[in-house]
Structures are given as C-alpha cells and as structure tokens.
Amino acid sequence: VAVFLYAGSMSTSEIVTAQERIWYAILLLPSFIIYTTSMVGETNRAPFDLPEAEGELVGGFHTEYSSLKFALFFLAEYVNMVTVSALATTLFLGGWRAPFPFSMIPGANEGWLPLVWFFGKVLAFIFIFIWLRGTLPRLRYDQFMDFGWKVLIPVALGWVFVVGAARVAISEDLISNTRILTWLAAPVAALLLISLILEYRKSKKETVETEATAPSFPVPPMSAARTNRTNRPEVETKRGSDG
Numbered sequence: 005v006a007v008f009l010y011a012g013s014m015s016t017s018e019i020v021t022a023q024e025r026i027w028y029a030i031l032l033l034p035s036f037i038i039y040t041t042s043m044v045g046e047t048n049r050a051p052f053d054l055p056e057a058e059g060e061l062v063g064g065f066h067t068e069y070s071s072l073k074f075a076l077f078f079l080a081e082y083v084n085m086v087t088v089s090a091l092a093t094t095l096f097l098g099g100w101r102a103p104f105p106f107s108m109i110p111g112a113n114e115g116w117l118p119l120v121w122f123f124g125k126v127l128a129f130i131f132i133f134i135w136l137r138g139t140l141p142r143l144r145y146d147q148f149m150d151f152g153w154k155v156l157i158p159v160a161l162g163w164v165f166v167v168g169a170a171r172v173a174i175s176e177d178l179i180s181n182t183r184i185l186t187w188l189a190a191p192v193a194a195l196l197l198i199s200l201i202l203e204y205r206k207s208k209k210e211t212v213e214t215e216a217t218a219p220s221f222p223v224p225p226m227s228a229a230r231t232n233r234t235n236r237p238e239v240e241t242k243r244g245s246d247g
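Numbering (the numbering used here), first residue to last: 5 to 247.
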C-alpha cells in the first residue's frame with residue numbers, strides 16, 4: 005500500500021519508472037522489510053513453515069499424498085516463491101532496470117539485458133529463501149501470532165500513515181526534498197529490526213530454558229516404603245552396637 009501511495013499509481017510499469025533514480029527498497033525500507041517477512045510466511049517457508057512441518061517425520065499434510073500429487077504440492081510451493089519474488093523485484097528493486105553500478109553504462113536497459121537484471125534479482129530472493137531455511141529455527145505458533153499482531157501489523161499501519169502524510173505534503177509543496185521520507189524511514193526500520201532481533205532472542209531463550217528444565221525421560225518419585233526399607237539395616241546395626 006505504501007508503494008502505491010508514494011508512486012501514485014497501481015500500474016507496475018509506472019512503479020518501475022518511478023524507481024529510475026532510487027529503489028523503493030531504500031526509500032521505503034520499512035515496507036520492504038515488512039513485505040520480505042510477509043512473503044516468507046505466505047509461502048510457508050522456514051521459519052514460518054508451520055502448516056507443512058517438513059522437518060517432522062510425517063511431513064505435515066504431505067503424508068496424505070504421493071506420486072504426482074505430492075510433486076504438484078512442491079511445484080506450487082516453488083512457483084509461489086518465484087511469484088512473490090518477482091512482485092518484490094517489481095515493487096522494491098526497480099523491476100527490469102539495471103542496478104546501480106551497471107545503470108551508468110549506456111544501453112544497460114536495452115535489448116535482452118532487462119531480462120537478465122530481472123531474473124537476477126528474482127534469483128537473489130530465491131537465495132534469501134534458501135538461506136533463511138538453513139539458518140533460522142521454526143517459530144512456535146504463539147510466537148508467530150505475537151510477532152504478526154504485535155509487531156508487523158502495527159508497524160505497517162503506522163508506516164502507511166507516515167507515507168500518506170508525506171505524499172500529501174510533497175504534492176502540496178510543503179516538502180521539497182523527498183529525502184526527508186528516507187530520514188523518516190530510518191527510525192521505523194530500526195524499530196522493526198530491533199523487534200525482529202528481540203523476538204528471535206526471546207524464542208531462543210525460551211527454547212534453551214525448556215531444554216534445561218525438562219528431563220529427557222520421566223523420573224518417578226522415590227517411594228516412602230523403599231526409603232524405610234533402605235534405612236532399616238542401619239537402625240538394626242546401630243542397636244546391635246549399643247547392645
């Protein structure tokens with residue numbers, strides 16, 4: 005929503021054109037972080053792969069399917085990853101336009117090169133998916149809900165309000181420099197990143213405490229009769245020595 009507000013259009017071609025000078029991943033950094041986090045959860049990838057639970061022995065609901073149906077589930081998952089990555093490339097990374105070092109070369113956005121830039125950015129997002137899967141542990145459902153309702157949604161709504169107010173101020177010539185929005189984005193992005201780090205440390209600490217307190221196997225309580233039976237020879241020995 006913040007991208008549509010700032011670009012002034014919902015057309016993907018106009019959004020790409022609006023990023024000719026600076027990417028929205030930099031100008032609208034909180035929106036980029038929120039979208040990147042949300043697209044990982046939307047595609048059910050780690051650490052938000054709660055519906056599938058591929059790391060478990062049964063494989064989640066996939067255990068009910070086999071052969072072609074099983075393959076179609078995984079195909080749909082990876083197609084979804086490519087789709088959200090292509091959308092993120094269009095909204096935040098300038099679409100088919102060349103990145104900064106290559107954009108200064110004449111003819112960098114002509115011919116077949118735009119396809120190279122676009123698919124290169126999509127592959128970068130696919131790499132992020134795989135990297136997150138092999139790096140972060142899976143969140144519990146309550147942690148996932150807390151993070152979504154207490155962090156992502158409030159920050160997203162507040163940031164949309166800030167972008168809308170900045171857009172109105174720019175259109176009314178109250179703000180002449182669009183870099184002010186970048187300065188506004190910095191504290192919001194910092195707050196979001198701090199929330200991410202604190203949530204990760206909290207989940208990690210809870211996991212360590214659970215592993216430390218919970219025994220690996222049930223330990224039955226010591227029986228009172230067994231305790232008395234164990235202490236009885238000591239009492240008899242003491243009486244014999246007194247006699």
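Backbone N, C-alpha and C fix where the C-beta goes; we use that ideal spot for every residue, glycine too.
No experiment lies behind these values; they were computed from the predicted model shown.
- In the structure shown, R171 falls within a helical segment according to DSSP collapsed to helix, strand and coil.
- Distance from the Cα of F133 is smallest, within the candidate group I38, N48, S35, for N48.
- Membership of K154 in any alpha helix (DSSP H) is not indicated, and neither H nor E is assigned to it by DSSP.
- A contact between stretches requires three or more CB pairs, one per stretch, nearer than 8 Å, and the region 113-126 meets this requirement with the region 78-93.
- When the five nearest sequence neighbours on each side are left out, the beta carbons in the same chain lying within less than 8 Å of the beta carbon of L197 are those of I37, in order along the chain.
- Between T40 and the set A22, V86, G162, the nearest pair of CA atoms involves V86.
- K154 has its alpha-carbon roughly 14 Å from the corresponding atom of Y145.
- The beta carbons of L143 and P51 sit about 5 Å from each other, so the pair counts as a contact at 8 Å.
- Its chain contains A112, N113, W121 as the residues whose beta carbon lies nearer than 6 Å to that of A102, once the 5 sequence neighbours on both sides are disregarded; these appear in chain order.
- When C-alpha distances from V167 are compared across L31, A80, Y82, the shortest belongs to L31.
- DSSP, read as helix, strand or coil, puts T47 in coil.
- A Cβ-Cβ distance of about 35 Å is found for the pair L76 and W27, leaving them out of contact under the 8 Å criterion.
- Membership of F52 in any alpha helix (DSSP H) is not indicated, and neither H nor E is assigned to it by DSSP.
- About 6 Å separates the CB atoms of V88 and E46; that is less than 8 Å, so the two are in contact.
- In the structure shown, S42 adopts helical secondary structure according to DSSP, grouped into three states.
- Look at M85 here: in three-state DSSP terms it is helix.
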